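Colleague:
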Amino acid sequence: MSPLRHAAHPHAHTHAPVSFVHAVEAACAAQALKLTPMRRRVLELIAAADKPVKAYDLLDQLRPDVARAAPTQVYRALDFLIEHGFIHKLQSINAFTSCHHPDERHTVPFFICDRCGAAIELCDSKVASMLVAHAASLGFTAHAQTLEVHGVCAGCRESGG
């Protein structure tokens with residue numbers, strides 16, 4: 000796994016699944032990566048979701064289009080997409096979400112709503128830099144970083160949901 004890098008994008012993100020898939024296609028072309036039909040379809044399903052999606056939910060969505068879709072196919076596609084930084088795996092809820100910056104490798108914290116299941120990617124370079132710097136000060140070499148903060152999003156709090 001490559002060293003941890005971080006994004007410096009302290010701005011709001013919009014949900015644009017088609018643009019996201021095109022950005023991943025461009026990144027794959029630039030890196031000479033093969034975006035197979037299965038990888039592309041899994042990516043499209045994740046991109047279209049309004050919240051993180053679990054692997055078996057992806058499998059259920061694939062079955063009408065891919066008669067013999069199997070869990071191993073979905074997991075291989077997910078592994079590829081994670082490996083190249085196109086999606087994030089949210090460890091605490093075992094679900095997957097699109098990356099807002101698929102053209103760069105980075106690690107970011109997430110805020111996860113325990114009521115509606117939404118996940119908000121926090122693209123603030125200071126957080127990731129602080130964790131990497133603190134690890135280095137302890138003589139620790141970080142290979143992976145998962146920071147997930149659970150709570151209630153503003154929408155759920157305001158609606159009482």
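Position one of the sequence shown corresponds to residue 0 (numbering that gives the first Met the number 0), numbered consecutively onward.
By construction, the Cβ of each residue, glycine as well, lies at the ideal position given by its N, Cα and C atoms.
Treat the numbers as computed from the prediction; the structure is a model and nothing was measured.
Between which two residues does the alpha helix (DSSP H) carrying LEU89 extend?
Modeller: From DSSP, LEU89 is part of no alpha helix (DSSP H) but of the beta strand (DSSP E) over 86-89.
Colleague: Any idea which residues DSSP pairs THR96 with across the strands?
Modeller: HIS87
Colleague: If contact is defined by three or more beta carbon pairs under 8 Å, each pair taking one atom from either stretch, is the stretch 126-140 in contact with the stretch 86-100?
Modeller: no
Colleague: Looking at the unbroken alpha helix (DSSP H) that takes in CYS27, where does it start and where does it end?
Modeller: Note, CYS27: alpha helix (DSSP H), 16-30.
Colleague: With distances taken from CA atoms, which of GLN90, LEU44, ILE92 is nearest VAL73?
Modeller: LEU44
Colleague: Just how far apart, CA to CA, sit ASP49 and LEU130?
Modeller: Using only the alpha carbons, I get a separation of about 29 Å.
Colleague: Using 10 angstroms around the beta-carbon of ARG38, count the other beta-carbons present and answer buried if the total reaches 16, otherwise exposed.
Modeller: buried
Colleague: When the Cα atoms are used, what is the spatial distance from LEU121 to CYS112?
Modeller: 13 Å
Colleague: Could you tell me the boundaries of the beta strand (DSSP E) in which HIS149 lies?
Modeller: Segment 147-150, the beta strand (DSSP E) holding HIS149.
Colleague: Taking 6 Å as the limit between beta carbons, can you name the residues of its chain near LYS125, skipping five residues before and five after?
Modeller: none
Colleague: Just the Cα atoms here: how many angstroms apart are PHE79 and HIS149?
Modeller: 27 Å
Colleague: For the stretch 107-156, list the alpha helix (DSSP H) runs that are entirely contained and at least 4 residues long, ordered along the chain.
Modeller: 124-136
Colleague: Could you name the residues of the same chain whose beta carbon sits closer than 7 Å to that of ILE92, not counting the 5 residues immediately before and after it, in chain order?
Modeller: PRO51, ILE111
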